[in-house]
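Engineer:
2 protein chains.
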Amino acid sequence: MPRSRAPSEPRLEGRLRRLRTAGHRITAQRKAVLRALAGMGCACGAEDIHARARRIYPRLGLVTVYRTLGALVREGLAQTVQLDDGRIRYELRDDGRHHHHLVCLSCGAIARLETCAVGPLQQAGRRRGFTVTAHRLELFGYCGDCRSLEREAR
Amino acid sequence: MPRSRAPSEPRLEGRLRRLRTAGHRITAQRKAVLRALAGMGCACGAEDIHARARRIYPRLGLVTVYRTLGALVREGLAQTVQLDDGRIRYELRDDGRHHHHLVCLSCGAIARLETCAVGPLQQAGRRRGFTVTAHRLELFGYCGDCRSLEREAR
DNA sequence: TATGTAAATGAAAGTCATTTTCATTATCTC
DNA sequence: GAGATAATGAAAATGACTTTCATTTACATA
Ligand SMILES: [Mn+2]
Ligand SMILES: [Mn+2]
Ligand SMILES: [Zn+2]
Ligand SMILES: [Zn+2]
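Residue numbers (our numbering), protein chains in the order written: chain A, 1 to 154; chain B, 1001 to 1154.
1) Report yes if the CB atom of A/Gly141 is closer than 8 Å to the CB atom of B/Phe1130, and no otherwise.
2) So is the beta-carbon of A/Asp145 under 7 Å away from any non-hydrogen atom of ligand 3?
3) With B/Cys1211 as the anchor, note down where its beta strand (DSSP E) starts and where it stops.
4) With a 10 Å radius around its C-beta and 16 neighbouring C-beta atoms as the bar for buried, classify A/Ala153 as buried or exposed.
5) Name the chain A residues whose beta carbon is nearer than 7 Å to that of B/Arg1147?
6) For B/Ile1056, does the three-state DSSP call read helix, strand or coil?
7) Can you tell me the Cα-Cα spacing of B/Thr1080 and A/Glu9, whole angstroms?
8) Have a look at A/Leu113, A/Val118, A/Cys107, A/Val73 and flag the residue whose alpha-carbon is nearest the alpha-carbon of B/Leu1113.
9) Report the neighbours of A/Ile110 on chain B: residues whose CB is nearer than 7 Å to its CB, in chain order.
10) Distance, Cα to Cα, B/Leu1083 vs B/Cys1143?
11) 8 Å is my cut-off, CB to CB: does B/Glu1138 come that close to chain A?
12) Go ahead and label A/Arg17 buried or exposed: buried means 16 or more other beta carbons lie within 10 angstroms of its beta carbon, across all protein chains shown.
13) List the whole-angstrom C-beta distance separating A/Leu12 from A/Leu37, where the pair is believed to meet the contact cut-off of C-beta under 8 Å.
14) Cβ of A/Arg112 within 7 Å of any heavy atom in ligand 1?
15) Give the DSSP-derived three-state secondary structure of B/Cys1042 in the structure shown.
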């Protein structure tokens, strides 16, 4: 039985192709950022992604990471999570649909939230004369681990 | 028939009392910020509030505005709106219940959204082991005015 | 109504994530 | 290959806050 190829590589190809189609050039730096992003466990900040991508392309500048992340978000290949204090985390969108997040205020853990009940609100927006093109929804609280720790400390 | 008193003044008193009860001192600066905030049409940034409050108390520093806004939010008298780019707008909470916002990506106008359909999502959070203590929800798009302008330009 | 004390203020300096500038380099089209 | 133009990165700039610290002020207490 042939060992199946790692699933991340063909995805990388597809993403590069989509960037290309959108009029961007394919560079070693962009490949590195994309691979770093694919390798992160969950949503991370630009610095983290920079650190990881540098292991692939050591002379990569942080500016390029920001620019690449911006392009990925604009093209719909990545999305952002806004932390409580406004800082931004990035993650790849692996399927077509977006999702929201649960953010732990204690340890910063980010959990995925598949549900998106924003449809009815778009209606409300339309009633106010708005055309709604995007939305952001984050839930903040405390994850199971942090609650356990707190309980122990008592 | 006696002319009814302007509704904002007794509210100001109540807010000052609440600050006082929470252990804060009442200063001319804080009164000015509170009155400026009450006079703004919709959620505004610290600079705007500073500018307006200075008309009441000219030597007010921007730092004090930030500190006062922070206190108001902590005491539940004001709330924030996060713009698309992470900048923060402040507004007084005139009733007990919170609400969300529609933000125009073109002119920055902010409309109020009474509906808050986040209840079911809290459930989803609980299923992930989270205790949800807060959430943020903003819709982005284009207001009626900006759409009209765009149509004219065509 | 004084007085002591802790809180509040504001000018200046600091922070920090992100953006801009601009000279150089690399990709892709022909 | 050559040329056009997009991308890169070092350095500097930005901007929205926050911190520091010497000075002023509110207000609890006498
Ligand atoms: Mn996610
Ligand atoms: Mn509002
Ligand atoms: Zn946690
Ligand atoms: Zn608008």
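No residue lacks a Cβ here, since even glycine has one placed at the ideal position from N, Cα and C.
Structural biologist: In short, the structure shows the following:
1) For this step, residue 141 of chain A is matched to residue 141 along the first sequence. For this step, residue 1130 of chain B is matched to residue 130 along the second sequence. Taking 8 Å as the Cβ cut-off, A/Gly141 and B/Phe1130 qualify as a contacting pair.
2) Here residue 145 of chain A corresponds to residue number 145 of the first sequence, with the count starting at 1. Answer for A/Asp145: yes, Cβ within range of ligand 3.
3) Because chain B is modelled from 1001 through 1154, residue 1211 of chain B falls outside the range shown and cannot be assessed.
4) The residue you call residue 153 of chain A lines up with position 153 of the first sequence. So A/Ala153 counts as exposed.
5) As a first step, residue 1147 of chain B must be located in the second sequence, where it is residue number 147. Neighbours of B/Arg1147 in chain A, taken as residues whose beta carbon is under 7 Å from its own, are Thr131 in chain order.
6) Position 56 of the second sequence holds residue 1056 of chain B. In the three-state scheme derived from DSSP, where H, G and I count as helix and E and B as strand, B/Ile1056 is classed as coil.
7) Taking the second sequence and counting its residues from 1, one reaches residue 1080 of chain B at position 80. Taking the first sequence and counting its residues from 1, one reaches residue 9 of chain A at position 9. In this structure, the CA atom of B/Thr1080 is about 42 Å from the CA atom of A/Glu9.
8) Mapped onto the second sequence, residue 1113 of chain B falls at position 113. Nearest option by C-alpha distance: A/Val118.
9) Sequence index remark: in the first sequence, residue 110 of chain A carries index 110 (1-based). By Cβ distance, chain B contributes nothing, its closest Cβ being about 11 Å from A/Ile110, past 7 Å.
10) To locate residue 1083 of chain B, count along the second sequence from 1; it is residue 83. To locate residue 1143 of chain B, count along the second sequence from 1; it is residue 143. Between B/Leu1083 and B/Cys1143, the alpha-carbon positions lie close to 15 Å from each other.
11) By one-based count along the second sequence, residue 1138 of chain B stands at place 138. By this cut-off, B/Glu1138 is an interface position.
12) Taking the first sequence and counting its residues from 1, the one referred to as residue 17 of chain A is at position 17. So A/Arg17 ends up on the exposed side.
13) Position 12 of the first sequence, counted from the start, is the residue given in the question as residue 12 of chain A. Position 37 of the first sequence, counted from the start, is the residue given in the question as residue 37 of chain A. Between A/Leu12 and A/Leu37, the beta carbon gap of about 10 Å keeps them out of contact (Cβ cut-off 8 Å).
14) For the purposes of this step, residue 112 of chain A is taken as the residue at position 112 of the first sequence. Correct: A/Arg112 has its Cβ closer than 7 Å to ligand 1.
15) The residue labelled residue 1042 of chain B in the question sits at position 42 within the second sequence. Reduced to three states, the DSSP call for B/Cys1042 is coil.
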